[in-house]
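So the sequences go chain by chain: A and B. Position 270 of the first sequence, counting from 1, maps to 279 under the working numbering, and the rest follow consecutively. Position 260 of the second sequence, counting from 1, maps to 269 under the working numbering, and the rest follow consecutively. Reviewing the structure listed below.
There are 2 protein chains.
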Amino acid sequence: MSANLRECSHLKLHELPATDGSPAGHDNGHGDPHSREEWVRDRIGGQNVTQMHYARRGIVSPEMTYVAQREQLDPELIRSEVACGRMIIPANMHHTRLEPIAIGIEARCKINANIGNSSVTSDIGSELQKLQLAIRYGAHTAMDLSTGGNIPEIRQAIIDNSPVPIGTVPIYEAMAKVECIEELSIDLLLETIAAQAEQGVDYMTIHAGVLREYVPLTANRVTGIVSRGGAILAQWMKHHKKQNMLYDHFDEICEIFKKHDVCFSLGDGLRPGSLADANDDAQFRELDTLGELTLRAWEHDVQVMIEGPGHVPMHLVAMNVEREMEVCHEAPFYVLGPLVTDVAPGYDHITSAIGAAIAGQAGASLLCYVTPKEHLGLPDADDVRQGVIAYRIAAHAADVARGRQGARDWDDALSRARFQFDWNGQFELAMDPEGARAMHDETLPDETHKGARYCSMCGPKFCSMRLTTDLRAAAAEPAEELAASSG
Amino acid sequence: MSANLRECSHLKLHELPATDGSPAGHDNGHGDPHSREEWVRDRIGGQNVTQMHYARRGIVSPEMTYVAQREQLDPELIRSEVACGRMIIPANMHHTRLEPIAIGIEARCKINANIGNSSVTSDIGSELQKLQLAIRYGAHTAMDLSTGGNIPEIRQAIIDNSPVPIGTVPIYEAMAKVECIEELSIDLLLETIAAQAEQGVDYMTIHAGVLREYVPLTANRVTGIVSRGGAILAQWMKHHKKQNMLYDHFDEICEIFKKHDVCFSLGDGLRPGSLADANDDAQFRELDTLGELTLRAWEHDVQVMIEGPGHVPMHLVAMNVEREMEVCHEAPFYVLGPLVTDVAPGYDHITSAIGAAIAGQAGASLLCYVTPKEHLGLPDADDVRQGVIAYRIAAHAADVARGRQGARDWDDALSRARFQFDWNGQFELAMDPEGARAMHDETLPDETHKGARYCSMCGPKFCSMRLTTDLRAAAAEPAEELAASSG
């Protein structure tokens, strides 16, 4: 380990899960997988076991202490943020392998990776591979969006193997149990939600804000309704001529959530699917309803975050974050990108990382990644890597811009290694060490080049940093020289 | 060609050069390469042939008319912007194959691709390939940064084959003519600049603002001086105990530039090379000097743009653009990225596209791309593709955010094609048509799938856009249904 890395090894480690996401049972070099069994033993059978419930009674839970250490923040601050709803700790009592994280404006910005198969393609093995890859590259949470195959079995495997919180969209599994949308019922949905809560899902997307009266507001949109959950519920409401059943039965969902400590991720079923549809009435009226539901969930001490768009031009991103904070009482904001242009399918990890970075700077707490394959197909393992790295860049840039504790230290450490031509140190500190080393190897593969005072970009004669170093060394001898010409 | 593409084929075409950048002599399907020979015939031997000179005398040149058409702006607006220095048209009289472009806040945001070999690697054939690739993917200008091999020959081949303006950094070629930095002289530099101007270089980076008294201000920087030109001049000034010769002889450079119409790209030799060094005294005092030099160049009616950082945290990007406008009298700003974090070598096309998009939104006029290989090695052809696409995304997102004429039409056209499941139309409208099609082919390769009302991401049952379409179709029959539930 190089001197540069040793000095600041904490910088990268606090960004990553304490273990590397290898499956339980495999020796991953970090010792046994973390277990919360002791932490949750006393909670079994409790009527309300949410982090918010403990926080509001003045209790600093083991989970709060744990995330305080990871964030380098005072445990009492964590408790008070969770109590007022500005921070959540998604930590289902039954997800004992979990290494908890904090999502909220006082914590570092987090990123989510979506995995899960579709009914067209993918299997359990490749989904687990995507999970491990996402965690290795630094995803802080993962959502299992499986819509086909043996959904409960895939989910159980994912929870069992995941040190990061797992989220789901229960209506997808419910859909797999019926022939058509019209057959969906509240009993089926509540039963599905309860089963997932008992399995250990840490947060669930519930599209309870898609009210019947908002659907016509999408009639003139360029891309209509692009949320799968939103489109399913719109169809169901039209057929049954009834209000959204998730809205009507919201308190029953809260009752399930508080028994296991599941967080709401209040879904934005009417989010815009194109720049043309951004910031329209459908989007903002749904947001108003999500604000109302936030207060209802908080009456049950159930933790809440709010999902946000989608596709938003750059100049409207910050105002979307500010509006969410105002309307939803500062519940953490969980944004999907947003993409700042629609014209680059195949590169939407980049179009959306721009929006995500700006959203993070404005105060969004969790950034849902978008992979290069978005709009074109189901992502494979390499798409997951590219999506995760693009979003870690966005989240870290936001942390730096907001001046979060210790964030800039990582940049400074890497830059010092760069200036010292400590190539190995630079690789080790890089967000993707293997990737950086491989690119350097392409033109200067020998190990001796890892000490070279130049690279192939400029060559030895033109290396500005070598010239600066020489200049400084020369200046150190006749000390008056450079100083004399100053001021 | 699909209906969607036909409707808005102008959208993409106005973004691209009129020809596709194939070498002269090859039939590229656009007929003969463009030639400015007639436009410049009368200028031969003129004492001042700059666009600014004509503009200030009230003349709308053929170049101004040409760029007005490309930008969909009034030629008189172009003339007045060029006259006041807020816009430049880099168009060396000898670069007759050029298809001129406008760089300035009233025009669409432009992007530059750096090509050129280093003394370590690369050759003329691969540099021409990079040029053609950069132009095909949409670079608006290219800089030949060659530092080794037969530099004049490489440059001539690039100019002869380029419909886009070509920029250089003449001190690189001068360096190749001497044994060591100390041997550089103003005569050698002026001779090199004159030869390049006669060859047809459209703009040149001149680091005339790196004053001797600013160099000590970099002493405590984390990454010192990272501009090659800046480092060379600092070394030269230290050895000779003299002021920067490019500053002392600035008017002589203006004399050469006005005879051929070469634009200044006033170099930022003291730009920050890390977040730690951003916005320091060295950077801003040099900027003050660039503002002074701008006025001097304008006294000669020589066109100017200003180069800017580099590495800047997100929250300081917009203020950098605003400060440049104030200090440099609204001369167009040409930024390198900036990277918003230092921690992701291998992905610096993304770290910098975030900064570039924000800079473009704030008013930067030309964005110099950074490839994934930055800091690690010389980019290859695929790095060029990735860099160009990332920067077109940044520039287009900025155009949309600033509400520039027609920019959003492209997004809307692609989104309409997407909603209509017009897959081929979506690919054709995409920034990288082949790339988008190839990703779709990975999971649904058959041509029949290009009419499918779903993709492998969600599968047929879960396609929200199909559901919305069905919902709208159903709503159209019993028309009262959806309307009744509204309001």
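We treat Cβ as the ideally placed atom computed from N, Cα and C, and that holds for glycine. Only a predicted model underlies this, so the values are computations on that prediction, with no experimental measurement involved.
- Message: I need the boundaries of the beta strand (DSSP E) containing A:Val-344, first residue and last residue.
- Response: 342 to 345
- Pick from B:Ile-190, B:Val-344, B:Met-184 that is closest to B:Cys-377, judged by C-alpha positions: For the residues B:Ile-190, B:Val-344, B:Met-184, the minimum Cα distance to B:Cys-377 belongs to B:Val-344.
- Classify A:Asp-389 as buried or exposed, calling it buried when 16 or more other Cβ atoms lie within 10 Å of its own Cβ. buried
- Query: For B:Asp-408 versus B:Ala-416, is the C-beta spacing smaller than 8 Å?
  - Reply: yes
- Reduced DSSP secondary structure (H/G/I, E/B, other) of A:Gly-396: helix
- Message: 8 Å is my cut-off, CB to CB: does A:Phe-293 come that close to chain B?
- Response: For A:Phe-293, the answer is no, since every Cβ of chain B falls outside 8 Å of its Cβ.
- Task: Could you tell me if B:Asn-229 is buried or exposed, where buried requires 16 or more neighbouring beta carbons within 10 angstroms of its beta carbon?
- Result: exposed
- Pair every Cβ in the stretch 276 to 286 of chain A with every Cβ in the stretch 312 to 329 of chain A, then say whether three or more of these pairs are closer than 8 Å. yes
- Item | Between the CA atoms of B:Ile-97 and A:Met-334 - distance to the nearest angstrom | 43 Å
- Message: Rounding to the nearest angstrom, what Cα-Cα distance links B:Ala-185 and B:His-248 in this structure?
- Response: 19 Å
- Query: Quick one: is B:Thr-298 buried, meaning 16 or more other Cβ sit within 10 Å of its Cβ, or exposed?
  - Reply: buried
- Item | 7 Å Cβ shell around A:Leu-22 - same chain, five flanking residues per side excluded | With a pLDDT of 44 at A:Leu-22, under the threshold of 50, the modelled position of that residue is not reliable, and the figure given next carries that caveat. Nothing listed; no residue qualifies.
- Message: For a test of the three-state rule: what should DSSP assign to A:Gly-386, helix, strand or coil?
- Response: coil
- Three-state secondary structure (DSSP) of A:Asn-229: It is coil, neither helix nor strand.
- B:Pro-179 and B:Leu-193 look like a contact to me (Cβ under 8 Å); what is the Cβ gap, rounded to whole Å? That belief does not hold up - the Cβ atoms of B:Pro-179 and B:Leu-193 are roughly 11 Å apart, past 8 Å.
- Are B:Val-352 and B:Gly-300 close, meaning C-beta to C-beta below 8 Å? no
- Query: Ordered along the chain, which non-local residues of its own chain (more than five positions away) have a Cβ less than 7 Å from that of A:Ala-403?
  - Reply: Ala-362, Ala-365, Ala-366, Gly-369, Leu-376
- Query: If you compare alpha carbons, which of B:Ile-202, B:His-324, B:Gly-147 is closest to B:Arg-164?
  - Reply: B:Ile-202
- Message: Check for me: the alpha helix (DSSP H) holding A:Asp-169 runs from which residue to which?
- Response: It spans 160 to 170 - the alpha helix (DSSP H) in which A:Asp-169 sits, taken as one unbroken run.
- Starting from the N-terminal side, write out each stretch of the alpha helix (DSSP H) that is 4 residues or longer and does not extend beyond the stretch 194 to 255 of chain B. 195 to 208, 237 to 249, all fully within the stretch 194 to 255 of chain B.
- Message: Tell me the rounded alpha-carbon separation between B:Gly-460 and A:Thr-232.
- Response: Cα to Cα, B:Gly-460 sits roughly 17 Å from A:Thr-232.
- Task: Could you tell me if the beta carbon of A:Arg-294 falls within a distance shorter than 7 Å of some heavy atom in the ligand HEM?
- Result: By its list of ligands, the structure shown contains no ligand whatsoever, and the ligand HEM lies outside what it can speak to.
- Message: Quick check: what's the CA-CA separation for A:Gly-434 versus B:Leu-387?
- Response: A:Gly-434 and B:Leu-387 have their C-alpha atoms spaced approximately 20 Å apart.
- Message: Here's the rule: buried if 16 or more other CB atoms are within 10 angstroms of the residue's CB, otherwise exposed. What is B:Met-213?
- Response: buried
- Query: Would you say A:Glu-451 faces chain B, with C-beta separation under 8 Å as the test?
  - Reply: yes
- Proximity winner among B:Ala-373, B:Leu-476, B:Phe-342, B:Glu-451, relative to B:Phe-273 (alpha-carbon distances): B:Phe-342
- Message: Excluding the 5 residues flanking A:Ala-206 on each side, which residues of the same chain have their C-beta closer than 6 Å to its C-beta?
- Response: Ile-265, His-269, Val-271
- Query: What's the gap between the Cα of A:Pro-469 and the Cα of B:Ala-217?
  - Reply: 24 Å
- Query: Within 8 Å (strictly less), CB to CB, does A:Leu-514 reach chain B?
  - Reply: No information on residue 514 of chain A is available, as it lies outside the stretch 10 to 496 that chain A covers here.
- Message: According to DSSP, is A:Thr-452 part of a helix, a strand, or is it coil?
- Response: helix
- Please name the residue, chosen from A:Pro-354, A:Thr-452, A:Ala-484, A:Leu-226, that lies closest to B:Pro-442 on a Cα-to-Cα basis. A:Pro-354
- Message: From the DSSP secondary-structure annotation, give me the bridge partner or partners of B:Val-313.
- Response: B:Phe-273
- Task: Would you check if the distance between the CB atom of A:His-149 and the CB atom of B:Leu-385 is smaller than 8 Å?
- Result: Using a Cβ distance threshold of 8 Å, A:His-149 and B:Leu-385 do not count as a contacting pair.
- Message: Using 8 Å as the threshold, is the C-beta distance between B:Arg-462 and B:Cys-472 below it?
- Response: yes
- Candidates A:Pro-381, A:Asn-121, A:Asp-392, A:Glu-90: closest to A:Asp-211 by CA position: From the listed residues A:Pro-381, A:Asn-121, A:Asp-392, A:Glu-90, the smallest Cα separation to A:Asp-211 is found for A:Asn-121.
- Query: Is A:Gly-40 helix, strand or coil when you go by DSSP?
  - Reply: Per-residue confidence for A:Gly-40 stands at a pLDDT of 41, beneath the threshold of 50, marking its modelled position as unreliable; the derived number appears in the next sentence. The three-state reading of DSSP puts A:Gly-40 in coil, since its state is none of H, G, I, E or B.
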